[in-house]
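Worksheet: the structure to be examined is printed underneath.
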Amino acid sequence: MAKKLLLLNGPNLNLLGTREPEVYGAGTLADVENAAASQAAAAGATLSSFQSNHEGALIDRIHAAKGEGVDAIVINPGGLTHTSVALRDALAAVAIPFIEVHISNIYQREEFRQHSYLSSLAAGVICGMGTDGYRLAIDFVLKKR
Numbered sequence: 001m002a003k004k005l006l007l008l009n010g011p012n013l014n015l016l017g018t019r020e021p022e023v024y025g026a027g028t029l030a031d032v033e034n035a036a037a038s039q040a041a042a043a044g045a046t047l048s049s050f051q052s053n054h055e056g057a058l059i060d061r062i063h064a065a066k067g068e069g070v071d072a073i074v075i076n077p078g079g080l081t082h083t084s085v086a087l088r089d090a091l092a093a094v095a096i097p098f099i100e101v102h103i104s105n106i107y108q109r110e111e112f113r114q115h116s117y118l119s120s121l122a123a124g125v126i127c128g129m130g131t132d133g134y135r136l137a138i139d140f141v142l143k144k145r
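The opening residue of the sequence shown carries number 1 in our numbering; numbering runs sequentially from there.
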């Protein structure tokens, strides 16, 4: 049976390509989503993508993933990484394995960005690899049984 993956992106990631390109690179969110979908399809998996600037919308999408039989989530929670207990609770509640991705190295940035409410629940965390982090996360979940 083909794996079902969900790619989630949080606040401000819709601005990839224009927002601080020296930190986040020149690639757009559409570039990331298209590459992820192609990578998943090449492995015989399906991938759906969702981005929202609203915490509740992300939580609703995580809840829906459980009923859809999603096997793994790749999530870049953006700024919600450092603030959202509710997002953590949603991920814990659905018990779908997830990889937390950050384009920048959060440990080389402001102190408040160095804490994640999600990392202790994540199957893995990738940061500082640019948008290649998404590819690495998808590769990992595709190989995982």
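For glycine and all other residues, C-beta sits at the position ideal for the given N, C-alpha and C.
Just so we're clear, the structure is a prediction, and the values are computed from it rather than from any experiment.
Apart from the five residues on each side of it in sequence, which residues of its chain come closer than 7 Å, Cβ to Cβ, to residue i?
i     : result
THR28 : LEU16, GLY17
ARG88 : TYR117, LEU118, LEU121
LEU47 : LEU5, LEU7, ALA36, ALA37, ALA40
By the 10 Å Cβ neighbour count, where 16 or more other Cβ atoms means buried, how is residue i classified, buried or exposed?
i      : result
HIS54  : exposed
GLY67  : exposed
ALA64  : exposed
VAL159 : This structure leaves residue 159 out entirely; the chain is present only between 1 and 145.
PRO11  : buried
ASN76  : buried
ALA93  : exposed
ARG137 : At residue 137 the sequence reads Ala, which differs from the Arg that was named. Under this definition ALA137 is a buried residue.
LYS51  : Checking the sequence shown, residue 51 turns out to be Gln, not Lys. Under this definition GLN51 is a buried residue.
Considering residue i, what are the terminal residues of the beta strand (DSSP E) in which it resides?
i      : result
GLU100 : 98-102
LEU47  : 46-51
GLY124 : 124-127
LEU7   : 4-9
ASN34  : Unbroken run through ASN34 is the alpha helix (DSSP H), 29-42; no beta strand (DSSP E).
Grab me the residues of residue i's own chain with a C-beta within less than 6 Å of its C-beta, minus the 5 sequence neighbours each way, in chain order.
i      : result
ALA90  : ILE59, ILE62
GLY133 : VAL101, ILE126
Specify, as a first and last residue, the run of the alpha helix (DSSP H) that residue i falls within.
i      : result
LYS66  : 55-68
LEU142 : 132-143
ALA72  : It is not in any alpha helix (DSSP H) - ALA72 instead sits in the beta strand (DSSP E) that spans 72-76.
TYR107 : First-last for TYR107: undefined, no H or E at that position.
TYR117 : It is not in any alpha helix (DSSP H) - TYR117 carries neither H nor E in the DSSP assignment.
ALA183 : Nothing about residue 183 can be read from this structure; the chain reaches only from 1 to 145.
GLU20  : No alpha helix (DSSP H) contains GLU20, which DSSP labels as neither H nor E.
Below 8 Å on the Cβ atoms is my contact criterion, and I expect residue i with residue j to pass it. Report the Cβ-Cβ distance as a whole number of Å.
i      : j    : result
LEU142 : ALA2 : No, LEU142 and ALA2 are not in contact; Cβ-Cβ is about 10 Å, not under 8 Å.
Spatial neighbours of residue i within its chain, please: CB distance less than 8 Å, with the 5 preceding and 5 following residues excluded, ordered by chain position.
i     : result
GLY79 : GLY10, PRO11, ASN12
Count the C-beta pairs between the stretch 105-125 and the stretch 59-71 that are closer than 8 Å, then say yes if the count reaches three, no if not.
No, the stretch 105-125 is not in contact with the stretch 59-71.
Any chance the stretch 42-59 sits against the stretch 78-86, with 3 or more Cβ pairs inside 8 Å?
The stretch 42-59 is in contact with the stretch 78-86.
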